[in-house]
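Enquirer:
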Amino acid sequence: MKIAILGTGNLGESIAKGLITTDAITSLYLTKRDLSSISEYGDYKNVELTTSNLLAVENSDIIILAVQPVHLEKILNEISPALNDKHILISTITGFSIDKIEALVGQDKFIVRAMPNTAIAVNKSMTCLCANEKGLERIKVAQAIFNRLGTTIIIKERLMQSATVVCASGIAFWMRLIRASTQAAIQLGFDADEAKQLAMHTAEGAANLLVTTQNHPEEEIDKVTTPMGCTIEGLNEMEHQGLSSSLIQGMIASYNKISKIKTEQI
Ligand SMILES: NC(=O)c1ccc[n+]([C@@H]2O[C@H](COP(=O)([O-])OP(=O)(O)OC[C@H]3O[C@@H](n4cnc5c(N)ncnc54)[C@H](OP(=O)(O)O)[C@@H]3O)[C@@H](O)[C@H]2O)c1
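Using our numbering, you'd call the opening residue of the sequence shown number 7 and step up by one each time.
(1) Which stretch, first to last residue, makes up the alpha helix (DSSP H) that contains M166?
(2) Quick check on this structure: which residue in Q220, E243, I227, T170 has the alpha carbon closest to the alpha carbon of I258?
(3) Cβ-heavy atom distance between G122 and ligand 1 below 6 Å?
(4) Classify V73 as helix, strand or coil using the three-state DSSP reduction.
(5) By the three-class DSSP mapping on this structure, what secondary structure does R185 have?
(6) In whole angstroms, give me the CA-to-CA distance for S250 and R182.
(7) Just curious, the alpha helix (DSSP H) that E54 is in, first and last residue?
(8) Taking only heavy atoms of ligand 1 into account, decide whether any of them is closer than 6 Å to the Cβ of R119.
(9) What separation, rounded to the nearest whole angstrom, lies between the Cα atoms of R5 and T218?
(10) Ligand 1 and G48: does any heavy atom of the ligand fall closer than 6 Å to the residue's C-beta?
(11) Check whether the Cβ atoms of Q149 and T157 lie closer than 7 Å to each other.
(12) When you compare the CB positions of T14 and L34, do they come within less than 7 Å of one another, or not?
(13) Where does P223 land, buried or exposed, given buried means 16+ other C-beta within 10 angstroms?
(14) Based on Cα-Cα distance, which residue from E79, S42, E84, Y50 lies nearest to A62?
(15) With a cut-off of 8 Å on the beta carbons, I'd call H93 and D67 a contact; round off their distance for me.
(16) Ordered along the chain, which non-local residues of its own chain (more than five positions away) have a Cβ less than 8 Å from that of V140?
(17) Less than 8 Å between the CB atoms is what I'm expecting for I70 and I107, so what's the real figure, rounded?
(18) Alpha carbon to alpha carbon, how far is L216 from I96? Give it in angstroms, no decimals.
(19) Return helix, strand or coil for K80, following the three-state DSSP convention.
(20) Give the C-beta separation of A125 and T98 to the nearest angstrom, bearing in mind that I take them to be a contact with Cβ-Cβ under 8 Å.
(21) When you compare only the Cα positions, how much space is there between A205 and R185?
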């Protein structure tokens, strides 16, 4: 695959790393205005660093846009004349709709929006994808790229904001739950490092159980709750204190906020 990443910052660099380490590229162009922070990538075979978005587009088929939202319009105007029917545009930019992208580059272009999360740095991103009508013809290409960097799901564009809350902000929500579990483990006698190991690997094990078995979480809970035992005692106390409810309310609050930010921007 001939890929360009326009705007190789935090997200762009994680994507680049994943593509290089999984041997996904025929060529990879990485752009940013100041190349010093990504100079190490210049040593990789088939990787070119450039400040020219146009050069990167001219030499690639798949264009991954990873700049901050404020820079996107300028870049799309800059590369638009070089886009042709071989190009697939994949935008990772939060809150920048397909309509807005089409208005800048044309409805006849293959346009995909991707919402990855920061676990992309370890090839474990849950990435939600959607596309314009034309882009649906090539969405499998975007899926193939992001499947190398974790797991993908194709959704309707109207759910991209929800996906941002559940998956992108979701990383922070899960971190808090793991931190709380760490704090409890310390109180129960482990030192801080042991506590973190126990909390994060137990969380990983729980998630992997569901991923592997596709069971409902409650099925796995039933397996570890003996009648009148310590697990159900702990679980019920957590629910009395509002565990599920606070998580759900927090995610709804996050969604309300993201919707408000978007409305204010319009
Ligand atoms: N982080 C996440 O969890 C996450 C998840 C999903 C989506 N996103 C989206 O990903 C995008 C990037 O986020 P980020 O955290 O990676 O931002 P970032 O670290 O600021 O990276 C953006 C990069 O774009 C470069 N840039 C700016 N103007 C440019 C131009 N004209 N041409 C080429 N490169 C240019 C900047 O480098 P120079 O200043 O050197 O040019 C910068 O390194 C955002 O739009 C965000 O909404 C992020």
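The C-beta atom is built at its ideal place from N, Cα and C for all residues, glycine as well. Computed from a predicted structure; not experimentally measured.
Expert: With the structure as the only source:
(1) Position 160 of the sequence shown, counting from 1, holds the residue named residue 166. Here the alpha helix (DSSP H) through M166 covers 166-169.
(2) Within the sequence shown, numbered from 1, the residue matching residue 258 stands at position 252. For I258, the nearest C-alpha among the options comes from T170.
(3) Mapped onto the sequence shown, residue 122 falls at position 116. According to the sequence displayed, residue 122 carries Pro and not Gly. Answer for P122: yes, Cβ within range of ligand 1.
(4) Here residue 73 corresponds to residue number 67 of the sequence shown, with the count starting at 1. Coil.
(5) For the purposes of this step, residue 185 is taken as residue 179 along the sequence shown, with counting starting at 1. If DSSP states are grouped into helix, strand and coil, R185 belongs with the helices.
(6) Mapped onto the sequence shown, residue 250 falls at position 244. Mapped onto the sequence shown, residue 182 falls at position 176. So the two alpha carbons sit approximately 14 Å from each other.
(7) Residue numbering aside, residue 54 sits at position 48 when the sequence shown is read from its first letter. First-last for E54: 53-56, but that is the beta strand (DSSP E), not the alpha helix (DSSP H).
(8) On the sequence shown, position 113 is the one that residue 119 refers to. No, since every heavy atom of ligand 1 falls outside the 6 Å radius drawn around the Cβ of R119.
(9) Nothing in the structure corresponds to residue 5, since the chain is present only between 7 and 272.
(10) Counting from 1 along the sequence shown, the entry for residue 48 is found at position 42. G48 Cβ: outside cutoff for every heavy atom of ligand 1.
(11) Position 143 of the sequence shown, counted from the first residue, corresponds to residue 149. Position 151 of the sequence shown, counted from the first residue, corresponds to residue 157. Cβ distance not < 7 Å, so Q149 and T157 don't count as in contact.
(12) Within the sequence shown, numbered from 1, the residue matching residue 14 stands at position 8. Within the sequence shown, numbered from 1, the residue matching residue 34 stands at position 28. Cβ atoms of T14 and L34: not closer than 7 Å.
(13) Residue mapping note: residue 223 aligns to position 217 of the sequence shown, counting from 1. Classification of P223: exposed, given that the 10 Å Cβ count is below 16.
(14) Translated into positions along the sequence shown, residue 62 becomes position 56. Of the listed residues, the one whose Cα sits closest to A62 is E84.
(15) Translated into positions along the sequence shown, residue 93 becomes position 87. Translated into positions along the sequence shown, residue 67 becomes position 61. Their Cβ separation, rounded to whole angstroms, is 6 Å, which keeps H93 and D67 in contact under 8 Å.
(16) For this step, residue 140 is matched to residue 134 along the sequence shown. For clarity, residue 140 is Lys in the given sequence; the question names Val instead. Cβ within range, chain order: Q113, D114, K115, F116, I117.
(17) Here residue 70 refers to the residue found at position 64 when the sequence shown is read from its first residue. Here residue 107 refers to the residue found at position 101 when the sequence shown is read from its first residue. I70 to I107, Cβ: 13 Å. No contact.
(18) The count along the sequence shown starts at 1 and reaches residue 96 at position 90. The count along the sequence shown starts at 1 and reaches residue 216 at position 210. For I96 and L216, the distance between alpha carbons rounds to 30 Å.
(19) Translated into the one-based positions of the sequence shown, residue 80 becomes position 74. If DSSP states are grouped into helix, strand and coil, K80 belongs with the helices.
(20) Locating residue 125 in the sequence shown gives position 119, where the first residue counts as 1. Locating residue 98 in the sequence shown gives position 92, where the first residue counts as 1. Wrong, their Cβ atoms sit about 14 Å apart, outside the cutoff.
(21) Working through the sequence shown from its first residue, we reach residue 205 at position 199. Working through the sequence shown from its first residue, we reach residue 185 at position 179. Distance between the alpha carbons of A205 and R185: 8 Å.
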